[in-house]
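Here's the structure, in structure tokens; my notes come after.
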Amino acid sequence: MGGSHKRSAAYGPVHGLLPADTTEDVRMRGAGVSQRIAVLPVGSFEQHGPYLPLATDTLVACAIAREIAGTHPVHLLPPVTISCSHEHAAWPGTVSLSSTTLHAVIRDIADSLRRSGVDILVLVNGHGGNYVLGNAVQEASARGERMALYPAAEDWETAREEAGVVTSLLTDMHAGEIETSILLHTHPELLRPGFETSDHVADDRRHLLTLGMSAYTDSGVIGRPSLASAEKGKQLLASLAESFGTYFSLLTSDS
Numbered sequence: 002m003g004g005s006h007k008r009s010a011a012y013g014p015v016h017g018l019l020p021a022d023t024t025e026d027v028r029m030r031g032a033g034v035s036q037r038i039a040v041l042p043v044g045s046f047e048q049h050g051p052y053l054p055l056a057t058d059t060l061v062a063c064a065i066a067r068e069i070a071g072t073h074p075v076h077l078l079p080p081v082t083i084s085c086s087h088e089h090a091a092w093p094g095t096v097s098l099s100s101t102t103l104h105a106v107i108r109d110i111a112d113s114l115r116r117s118g119v120d121i122l123v124l125v126n127g128h129g130g131n132y133v134l135g136n137a138v139q140e141a142s143a144r145g146e147r148m149a150l151y152p153a154a155e156d157w158e159t160a161r162e163e164a165g166v167v168t169s170l171l172t173d174m175h176a177g178e179i180e181t182s183i184l185l186h187t188h189p190e191l192l193r194p195g196f197e198t199s200d201h202v203a204d205d206r207r208h209l210l211t212l213g214m215s216a217y218t219d220s221g222v223i224g225r226p227s228l229a230s231a232e233k234g235k236q237l238l239a240s241l242a243e244s245f246g247t248y249f250s251l252l253t254s255d256s
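In terms of the working numbering, the sequence shown opens at residue 2 and continues consecutively.
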């Protein structure tokens, strides 16, 4: 393969994203806790402008989950990499599942975990369009199962403030300061040139579900990536790992 079809080695596949545990690792970790928690990163495979990879949401979800696993005794699962990205369908490369399929995948994973003795599942969501994950958690809780969705908007807001992120959560909608900062910290080799000059603000997005992202942005970007930095990414992840402690205590409580 030659010419323009040759893939640059600088933007090759990402290694080390899948957990390397053996079954004995999982058994030993589980022996030290009264209740076992599995953490499932849920990302997406969708456009993130001309400078971030299609797998950005998955990379972000995995980064958060790894931080959690580094500070709490949880069973880290491999990510769900394709989800509900229908609002990005106008851009090449985007792939989606139906909300029904994603819901079924989450329920199947939770059922399988319970059969192996893991009764608690935390969904670490990296894509704002995965609305169905909230329904899955609500339904599981109503059935008496223990499940949580993380991070909440309040956790992101705390992380934003602690990391010195300037852009509000409303403005920082897609491929903006937060996502670019996290990838600058965790996978700087994957960023293409251009984030420094790609700011685009579209705070009034009331018809997003009807019209999709293409009604609000030509580039696919909504936010201010020019403000991103690796240090902000590091602090964002540290804050999210700390905030997870409340979830851990709630989920493992006997009450």
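Just so it is clear, CB atoms sit at the ideal spot from N, CA and C, and this is done for glycine as well.
- Counting other Cβ atoms within 10 Å of its Cβ, residue 74 stays below 16 and is therefore classed as exposed.
- Taken through DSSP and simplified to helix, strand or coil, residue 131 comes out as coil.
- Distances from the CA of residue 17 to each of 64, 31 and 37 were compared; the closest alpha carbon is that of 64.
- From the listed residues 204, 134 and 181, the smallest Cα separation to residue 196 is found for 181.
- Counted as a single uninterrupted DSSP element, the stretch harbouring residue 144 is not any alpha helix (DSSP H), since DSSP gives it neither H nor E.
- Membership of residue 38 in the beta strand (DSSP E) is indicated by the continuous run 38-43.
- Between the alpha carbons of residue 191 and residue 60 lies a distance of about 11 angstroms.
- When only Cα atoms are considered, residue 117 and residue 30 end up about 14 angstroms apart.
- Between the segment 226-237 and the segment 170-186, the count of C-beta pairs closer than 8 angstroms reaches three or more; the two stretches touch.
- Looking at the backbone, the Cα of residue 247 and that of residue 115 are separated by about 22 angstroms.
- Between residue 44 and residue 198, the alpha-carbon positions lie close to 26 angstroms from each other.
- Assigned with DSSP and collapsed to three states, residue 167 falls in coil, not helix or strand.
- In the DSSP assignment, residue 107 falls within the unbroken alpha helix (DSSP H) covering 100-116.
- According to DSSP, residue pairing for residue 224 in a beta bridge involves 201.
- Judged by DSSP secondary structure, residue 60 falls within the alpha helix (DSSP H) whose first and last residues are 57-72.
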